[in-house]
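Novice:
Numbering (mature numbering (1 follows the signal peptide of the UniProt record, and there is no 0)), first residue to last: -22 to -1, 1 to 935.
(1) Is the Cβ-Cβ distance between residue 347 and residue 308 less than 9 Å?
(2) Closer than 7 Å by C-beta to residue 944: which residues in its own chain qualify, once you throw out the five before and the five after it? Chain order, please.
(3) Taking one C-beta from the segment 893 to 901 and one from the segment 805 to 816 each time, how about it: are there three or more such pairs within less than 8 Å?
(4) In the DSSP assignment, find the unbroken alpha helix (DSSP H) run with residue 865 in it and report its ends.
(5) What is the C-beta distance between residue 749 and residue 843, in whole angstroms, given that I count them as a contact (C-beta under 8 Å)?
(6) Starting from residue 527 and walking both ways along the beta strand (DSSP E), at which residues does that stretch end?
(7) Check residue 113 in the structure and name its three-state DSSP category.
(8) Would you say residue 746 and residue 714 are within 9 Å of each other, going by their C-beta atoms?
(9) Can you check DSSP and say which residues form a bridge with residue 655?
(10) Tell me which residues share the same chain as residue 546 and place their Cβ nearer than 8 Å to its Cβ, disregarding the 5 neighbours each side in the sequence.
(11) With a threshold of 7 Å on Cβ separation, who are the neighbours of residue 624 within its own chain once the five nearest residues in sequence on each side are excluded?
(12) Could you have a look at residue 327 and say whether DSSP puts it in helix, strand or coil?
(13) So, with DSSP's three-state summary, where would you put residue 83?
(14) Do the CB positions of residue 470 and residue 494 come within less than 9 Å of each other?
(15) Using a Cβ-based criterion (distance less than 8 Å to any ligand heavy atom), does residue 6 qualify as near the ligand SAM?
(16) Classify residue 16 as helix, strand or coil using the three-state DSSP reduction.
(17) For residue 887, which residues in the same chain have their Cβ closer than 6 Å to its Cβ, ignoring the five residues on either side in sequence?
(18) Tell me the DSSP bridge mates of residue 567?
(19) Using a Cβ-Cβ cutoff of less than 6 Å, which residues in the same chain neighbour residue 794 once the five nearest sequence positions on both sides are dropped?
(20) Give the range of the beta strand (DSSP E) segment to which residue 494 is assigned.
(21) Just the C-alpha distance for residue 162 and residue 171, rounded to the nearest angstrom, thanks.
(22) So what does DSSP say about residue 170, is it helix, strand or coil?
(23) Between which two residues does the alpha helix (DSSP H) containing residue 505 stretch?
(24) For the alpha helix (DSSP H) containing residue 425, list its first residue and its last residue.
(25) Do you know how far the Cα of residue 232 is from the Cα of residue 104?
(26) Please classify residue 486 as buried or exposed, where buried requires at least 16 neighbouring CB atoms within 10 angstroms.
(27) So which of 433, 387, 441 and 356 has the shortest CA-CA distance to residue 415?
(28) Quick one: grab the DSSP three-state call for residue 625.
(29) Would you decide whether residue 823 is buried or exposed? Buried here means 16 or more other CB atoms lie within 10 Å of its CB.
(30) So what's residue 405 in DSSP terms, helix, strand or just coil?
(31) Just the Cα atoms here: how many angstroms apart are residue 692 and residue 323?
(32) So, with DSSP's three-state summary, where would you put residue 639?
(33) At the level of alpha carbons, what is the spacing between residue 857 and residue 461?
(34) Pull the bridge partners of residue 746 from the DSSP assignment, please.
(35) What number of angstroms, rounded off, separates the C-alpha of residue 230 from the C-alpha of residue 223?
(36) Can you list, in chain order, the residues of its chain with a C-beta nearer than 8 Å to that of residue 476? Leave out the 5 residues immediately preceding and following it.
In structure tokens:
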């Protein structure tokens, strides 16, 4: 990843020949150890032609890397009117990897690595310095290629990312550069020898770039069958009848050569993601055209110039009009995470497991310490101004320390996620400690704080009082842990909470480190292997996306274009125009506008104009259906309480049948061919059933080769465990539930799930990621409206709450309350249909949503359950997993629910980058409030059975 070195030479008012005559040729002695650079420099000094000089100046950066600082300082100082720094030093493209804001700014305005060393500490900014060092080494190595374009481009591909170079890339450098520069080969070898080589099979997707079907087929066969590098390259040359030239699409992909083929541009990235696909999501949130264009320029296929960064900082970085875009960028760079601990300076911020922070880490802790040392000199440097102050070592030092720590650790709130000090605190500190004699004319503590801290709403500002003393939680803080905050994994791996626990007698960690893919060369945002990821399209148009797969190579591959979303289309509601992405209420229904289409829940409403008769017969169920429980099974795999409700949500009579879905045998009659075995596979589909069949079964070939089927433990009705469904049915057993067999589920004890489906055991319900409503067969549909006095749940015996002092939530359609955080989410079916089309016509299911959202639950003391409601919303429950949860654990689950609700409603790239979560358009959150700040009093309960199983049966999934 090299920055393009362009000389911006201003020859105005100075005769070009005078410049050449005056130039000191001794500049070139700085290039004595690099012959191609020395040669180009000597040509520059000797030329007498204006056009030739201009050409040589433009070409010089290709031979003389920015790391040759003395040479460039000498040359730049010889150019009248020229910029005193090259516009694209090798560190420019790395600056976004800096953790501290001050370091990022210094990096963007620097001209060399030495310029940033005072602000950017090597021990904290490892990603930044690794990137700069890699670029510097690449600049030196590839400069040995001289004017040999192909050699230089193959060399640059080695250094473009921090991923492992492939054998083919190294082979290409050896083939094209061996006769040109042995020094280049030695230089590249020194860099690559510490990297493990990637598997050529990871490049299978490149075969699709071949121009002929015969070459595509030969490419796949060669990569899957041949083992040595020589065999593969020679096989591709013979099979495709082509030489490995940089301009060939197949070789461009296979050897990772930039499409531009422009030797003067050395910063490139995979065309699938841009430099930072996550931040590119944020550019569409800009409210002004100039900020949107600058944002796209900075995070797409090139880093733009230093001028672009400076313009973005000046026009956009602190522009309140661009709050949505800036908050989005902050979410990507430093997402809000629960918990803060292990700080040595900002110790008052420790042990707060249910508060959100952006940057609870060692680097920020040290940054706060450094800020205090700077402020002790009498000036508080803020983003908009410098404030003269008295000696803060004596004047409210603890409050100033709280300010420094707050600005670095960045407490955030799910509703605003801003990081400013509350206005009253700001005024108090400046009135007492401000050096009023040095205030700018006309400025007072009030006027200054109006700019810096305009509000006292604690949802939008940070109250210092909270952090002036240590946390009161003390020893109970371990009731809630955050194993992935701070991230204990290497930079190329994601941290995933270990919900399976440890086997008896085994030691294990509360987290897993799993391989992931970066969303672009300069992105620190990673996604899981195998995940489908949505990134902005290379078209650069707002609303255009592509869906890629995170491959085993650690790259996003097999990208396919999505239909563009017209973000300019609006919705007309009640005579008012609603813009794309907004959510609002129409009567009692929650709606959102998506590209001109109105998406609403289907709640039955009462209003002030409703008659007494309407109020008397009002049931609250969709279409005011009677609250009778006569279940029917829809073709989407969801059981509805009655045919009336099924019709109300859009099913025709031939699209549902009486009886619950679990009571149906999807393999009778056998839908598979004679050579296949039918295996039931239950699901609730969200994609259009008219276009994507929601089959409740899989067809497996006979005799089934179960050895090739991945291990995914299942339990049969006899309590015996099998490695997967294939083996279970091969042995002639009946499927009970997914996961390891549990002793508590050996006896059939039916339970009613919150989705109105009867399961044979608690384990079967959890296998479906459905929480239990009550014990026994389902017999009623619960209230879904606050205005309804009708309920069919009067005869249902609800289990006691898991904790007293909890104001519970009741999921729509369920009978029984529980202590949990609940989300009711709207979703866009057209988006899900588009995803299904790209994913081999496999419909998107509720289980897909739950499994992906589960990755965002960072507290192992909470887990996620959910179902499709009878009002066409996806209902998500974040539930404490302990048998008798404490107040702290209930609050943690509430915060997790609020966090996800915020990510959905703000369209944060940390969430919407994941397919299918990008189709979630609006969310409402309801949490279980508590009455005490300590441990909640607990009570024995029969409900403890399924709650206590949660930690154990997590292995089911």
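Note that the Cβ used here is the ideal one computed from N, Cα and C, for glycine as well.
Specialist: Taking the geometry as given:
(1) Stepping through the chain shown from its first residue, residue 347 is reached at position 369. Stepping through the chain shown from its first residue, residue 308 is reached at position 330. For residue 347 and residue 308, no; Cβs fall outside 9 Å.
(2) There is no way to answer for residue 944, as the model of the chain reaches only from -22 to 935.
(3) yes
(4) Against the chain shown, residue 865 aligns to sequence position 887. Unbroken alpha helix (DSSP H) run through residue 865: 865 to 884.
(5) Walking along the chain shown from the start, residue 749 turns up at place 771. Walking along the chain shown from the start, residue 843 turns up at place 865. About 4 Å; that satisfies the 8 Å criterion.
(6) Looking up residue 527 in the chain shown gives position 549. Its beta strand (DSSP E) spans residues 523 to 528.
(7) Here residue 113 refers to the residue found at position 135 of the chain shown. DSSP places residue 113 in helix when its eight states are reduced to three.
(8) The sequence position of residue 746 within the chain shown is 768, counting from 1. The sequence position of residue 714 within the chain shown is 736, counting from 1. For residue 746 and residue 714, no; Cβs fall outside 9 Å.
(9) The sequence position of residue 655 within the chain shown is 677, counting from 1. According to DSSP, residue 655 bridges with 678.
(10) Looking up residue 546 in the chain shown gives position 568. Excluding sequence neighbours, residue 546 sits near 558.
(11) Walking along the chain shown from the start, residue 624 turns up at place 646. Excluding positions up to five away in sequence, the list reads 610, 612, 618 and 634.
(12) Translated into the one-based positions of the chain shown, residue 327 becomes position 349. In the structure shown, residue 327 sits in a helix (DSSP, three-state: H, G or I).
(13) Against the chain shown, residue 83 aligns to sequence position 105. Helix.
(14) Position 492 of the chain shown, counted from the first residue, corresponds to residue 470. Position 516 of the chain shown, counted from the first residue, corresponds to residue 494. Going by C-beta atoms, residue 470 is nearer than 9 Å to residue 494.
(15) Inclusion of the ligand SAM in the displayed structure is not the case, the ligand content being empty and no account of it being possible.
(16) Numbered from its first residue, the chain shown carries residue 16 at position 38. Helix at residue 16.
(17) Numbered from its first residue, the chain shown carries residue 887 at position 909. If we look at residue 887 and ignore the five residues flanking it on each side, its Cβ neighbours are 256, 259 and 310.
(18) The sequence position of residue 567 within the chain shown is 589, counting from 1. According to DSSP, which records beta bridges pairwise, residue 567 is partnered with 564.
(19) Counted from its first residue, the chain shown places residue 794 at position 816. Excluding residues within five positions, the ones whose Cβ falls inside 6 Å are 751, 752 and 776.
(20) Counted from its first residue, the chain shown places residue 494 at position 516. Its beta strand (DSSP E) spans residues 489 to 496.
(21) Position 184 of the chain shown, counting from 1, holds the residue named residue 162. Position 193 of the chain shown, counting from 1, holds the residue named residue 171. For residue 162 and residue 171, the distance between alpha carbons rounds to 14 Å.
(22) Along the chain shown, one-based indexing puts residue 170 at 192. Three-state result, residue 170: helix.
(23) Residue mapping note: residue 505 aligns to position 527 of the chain shown, counting from 1. Unbroken run through residue 505 is the beta strand (DSSP E), 504 to 506; no alpha helix (DSSP H).
(24) For this step, residue 425 is matched to residue 447 along the chain shown. That run of the alpha helix (DSSP H) goes 423 to 430.
(25) Numbered from its first residue, the chain shown carries residue 104 at position 126. Numbered from its first residue, the chain shown carries residue 232 at position 254. Rounded to the nearest angstrom, the two C-alpha atoms are 30 Å apart.
(26) As a first step, residue 486 is located in the chain shown; it is residue number 508 there, counting from the start. By the 10 Å Cβ count, residue 486 comes out exposed.
(27) In the chain shown, the residue the question calls residue 415 occupies position 437. Minimum Cα distance to residue 415 is reached at 356.
(28) Taking the first residue of the chain shown as 1, we reach residue 625 at position 647. Reduced to three states, the DSSP call for residue 625 is helix.
(29) Locating residue 823 in the chain shown gives position 845, counting from the first residue. Label assigned to residue 823: buried.
(30) The residue given as residue 405 occupies position 427 in the chain shown. DSSP places residue 405 in helix when its eight states are reduced to three.
(31) In the chain shown, the residue the question calls residue 692 occupies position 714. In the chain shown, the residue the question calls residue 323 occupies position 345. Approximately 50 Å, taken between the alpha carbons.
(32) Position 661 of the chain shown, counted from the start, is the residue given in the question as residue 639. Note: residue 639 maps to helix in three-state DSSP.
(33) The residue you call residue 857 lines up with position 879 of the chain shown. The residue you call residue 461 lines up with position 483 of the chain shown. Using only the alpha carbons, I get a separation of about 18 Å.
(34) Within the chain shown, residue 746 is the residue found at index 768, counting from 1. Per DSSP, residue 746 has no beta bridge partner at all.
(35) The sequence position of residue 230 within the chain shown is 252, counting from 1. The sequence position of residue 223 within the chain shown is 245, counting from 1. Computed Cα separation, rounded: 8 Å.
(36) The residue given as residue 476 occupies position 498 in the chain shown. Excluding residues within five positions, the ones whose Cβ falls inside 8 Å are 461, 486, 487, 488, 489, 490 and 838.
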